[in-house]
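**Q** Encoded as structure tokens, here's the structure I'll be asking about.
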Amino acid sequence: MRRLITPAVLAAVLLPAISGDDSFPISTYPMYAFARPRTDRFQTVLGETSSGEVGPLPIRVIADTDDPLIAAALVRGAIRNGDADQLCAQVAQRVRIGVSRVLVVEEVHDVVARAARSKSLQQRVVHAACEVPQ
Amino acid sequence: MSLAVTTDRWLFPAAPPQRLAMLRIVVGAFAWLYLVVRARVFLSLRSADPGRFDPVGVLAPLSTPPTSALVITCYVLAVAAGAAFVTGLWFRASGPLFGVTLLLLTTYRSSWGQILWLENLVVIHVLIVGLARSADVWSWRPFETRHAAPEPAETYGAPVRLAALVTVATYVLAGIAKLRYSGIDWVTSDTLRNHVAASVVRAELLDAPASPIGRRLVADGWLFPPAAALSLLLELAAPIAFLGRRLRDVWVASAWLMHASIAALMFVVFPYPLFFVAFAPLYDLERAVTRAIRWRRDRARGGRGGRPS
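Going down the list, the sequences are from chains A and B. Here the first sequence stands for residues 1 to 134, where the numbers follow this note's numbering. Here the second sequence stands for residues 135 to 443, where the numbers follow this note's numbering.
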């Protein structure tokens with residue numbers, strides 16, 4: 001039996017190298033494998049104060065998680081599925097004092113410039129905006 | 135000796151039962167602690183919007199998320215089975231049960247739009263160890279009579295070798311993925327630099343901590359193509375870990391350094407290799423215990439004034 005199990009497990013683990021199918025726990029392990037341009041799109045949720053200042057909201061408020069990957073996937077999925085309004089309303093319920101409006105946005109940045117704290121924002125598309133209940 | 139016989143002996147080597155038992159303890163303790171520490175992450179998904187559920191792997195046939203009660207039951211079973219797994223208690227049941235419940239929970243966690251690749255190898259290792267005779271020694275058996283430790287056998291060596299092969303295979307797969315999706319441009323272009331910069335930007339836009347080292351190094355673009363070449367080489371050359379102890383140690387140290395660099399530059403932590411557990415099947419783990427016991431014995435003897443000659 002062992003003579004069959006070892007080759008079978010190895011074949012299953014290596015199969016994605018041929019099929020290209022990524023799943024769990026059998027995977028292609030594509031972390032950081034895709035070409036990434038210097039200009040890239042990011043989906044996030046911003047908070048706007050009554051004086052008009054705009055800034056990112058914490059992932060705990062956005063997605064009730066401490067994992068940035070989960071939060072990013074949530075916002076990305078909401079925009080892709082047309083559920084940005086729903087996400088906006090959920091975040092508005094969790095948001096802290098001082099924020100009057102929530103914006104679900106997609107932004108295009110020059111990532112190298114942004115990392116160097118230089119001007120980087122090239123485009124911002126607001127997919128949903130909602131008032132924070134007082 | 136024919137190639138077939140040599141291959142067979144290499145794939146199914148005889149090993150002492152202590153080696154597999156030690157792998158059970160190390161891998162099981164990591165997986166159990168991971169489950170406990172990340173409890174909130176697993177359990178908080180019960181209140182996630184069901185519309186986000188995008189099942190993968192063994193959960194792929196589901197059209198709706200499992201019920202909250204089912205997730206809690208699975209989690210409690212996993213924690214209980216995990217504790218038994220580490221101690222070796224009722225291992226014929228606890229081994230497979232921990233493997234299956236861990237697989238279900240981590241698959242559930244990766245079924246919300248983001249596969250978490252850092253959990254794949256842990257799950258496969260736990261399944262391999264959990265389905266093998268990993269508790270024949272160094273296990274807690276309150277209702278059984280103690281017998282002498284079994285002789286070295288392939289029953290104990292083959293699962294360890296398989297776990298080592300899977301570790302190495304995952305690195306090779308990661309290297310192949312880079313060539314498949316980006317080609318050699320992954321090395322020659324600014325892709326790695328942009329990945330590091332993007333991780334800083336993503337963190338900032340989510341009001342999460344961003345790596346100051348990553349931010350600083352992104353300014354020095356020349357660093358990244360050589361770093362990318364080294365990473366790719368390290369992944370594709372992972373099988374050298376089987377070509378002797380020295381090469382194994384060099385490869386393991388290099389792979390660890392790569393993960394440490396990713397953690398420092400991108401704040402993306404792969405705890406399984408960073409705690410060296412991913413590499414544990416490449417080593418004769420039982421020797422560390424034997425050495426520790428001998429060291430303690432020598433020290434005790436020395437403390438009593440009887441210096442070893």
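For glycine and all other residues, C-beta sits at the position ideal for the given N, C-alpha and C. Since the structure is predicted, the reported quantities are computational estimates derived from the model, not experimental observations.
Establish whether the CB of residue 1 of chain A and some CB of chain B are separated by less than 8 Å.
**A** Chain B contact via Cβ: absent.
**Q** Within its chain, find whatever has a CB closer than 6 Å to the CB of residue 202 of chain B; leave out the 5 residues flanking it on each side and keep chain order.
**A** Result list for residue 202 of chain B: 180, in chain order.
**Q** Indicate the three-state DSSP secondary structure (helix, strand or coil) for residue 329 of chain B in the structure shown.
**A** Correct three-state label for residue 329 of chain B: helix.
**Q** Using only CA atoms, which one of B/376, B/409, B/266 lies nearest to residue 390 of chain B?
**A** Minimum Cα distance to residue 390 of chain B is reached at B/409.
**Q** Would you say residue 23 of chain A and residue 190 of chain B are within 8 Å of each other, going by their C-beta atoms?
**A** Contact: yes.
**Q** By how many angstroms is the C-alpha of residue 294 of chain B removed from the C-alpha of residue 420 of chain B?
**A** The alpha-carbon atoms of residue 420 of chain B and residue 294 of chain B are separated by roughly 12 Å.
**Q** What residues in its chain sit with their C-beta under 6 Å from that of residue 256 of chain B, if we drop five residues either side in the sequence?
**A** Contacts found: 165, 406.
**Q** Please confirm whether any heavy atom of the ligand PLP lies closer than 7 Å to the CB of residue 21 of chain A.
**A** Absence of the ligand PLP from the depicted structure is noted, as is the absence of any ligand whatsoever, leaving it without description.
**Q** For residue 126 of chain A, which beta-bridge partners are listed by DSSP?
**A** Residue 126 of chain A pairs with A/105.
**Q** Between residue 343 of chain B and the rest of its own chain, which residues show a CB-CB distance below 7 Å, the 5 nearest in sequence each way excluded?
**A** So the qualifying residues of the chain are 337, 401.
**Q** Give a yes or no on whether the C-beta atoms belonging to residue 99 of chain A and residue 48 of chain A are separated by under 8 Å.
**A** The answer is yes: Cβ separation under 8 Å.
**Q** Against chain A, does residue 258 of chain B count as a neighbour if the rule is that its beta carbon must be under 8 Å from one of theirs?
**A** Yes, residue 258 of chain B counts as interfacial toward chain A.
**Q** Run the CB neighbour count on residue 441 of chain B, radius 10 Å, all protein chains shown included, and call it buried at 16 or more, exposed below.
**A** Note that residue 441 of chain B scores a pLDDT of 49, beneath 50, so its modelled location is shaky; the value from the coordinates is reported in the next line. That one is exposed.
**Q** Of all the residues that make up the segment 205-233 of chain B, which are near chain A by a beta-carbon distance shorter than 8 Å?
**A** Listed in sequence order: no entries.
**Q** Considering only the alpha carbon of each residue, which of B/374, B/174, B/183, B/163 lies closest to residue 259 of chain B?
**A** Nearest option by C-alpha distance: B/163.
**Q** Give me the DSSP bridge partner(s) of residue 355 of chain B.
**A** None, per the DSSP bridge assignment.
**Q** Taking buried to mean at least 16 other C-beta atoms within 10 Å of its own C-beta, is residue 399 of chain B buried or exposed?
**A** Its Cβ being crowded by 16 or more others within 10 Å, residue 399 of chain B is buried.
**Q** Anyone know if the C-beta pair for residue 229 of chain B and residue 169 of chain B falls short of 8 Å?
**A** Cβ distance not < 8 Å, so residue 229 of chain B and residue 169 of chain B don't count as in contact.
**Q** Which residues in chain A have a C-beta closer than 9 Å to the C-beta of residue 324 of chain B? List them in chain order.
**A** The contacting residues are 36, 37, 38, 112.
**Q** Going by beta carbon distance, what residues of the same chain come within less than 6 Å of residue 388 of chain B, once the five residues before and after it are set aside?
**A** The residues are 368.
**Q** Please confirm whether residue 254 of chain B and residue 38 of chain A have their CB atoms less than 8 Å apart.
**A** No, the pair does not count as a contact, with Cβ atoms beyond the cut-off.
**Q** Taking CB distances under 8 Å as the criterion, tell me whether residue 197 of chain B reaches chain A.
**A** Chain A contact via Cβ: absent.
**Q** Report yes or no: is there a C-beta of chain B within less than 8 Å of the C-beta of residue 74 of chain A?
**A** Residue 74 of chain A counts as touching chain B.
**Q** What is the DSSP secondary structure of residue 388 of chain B, counted as helix, strand or coil?
**A** The answer is helix: DSSP assigns residue 388 of chain B an H, G or I state.
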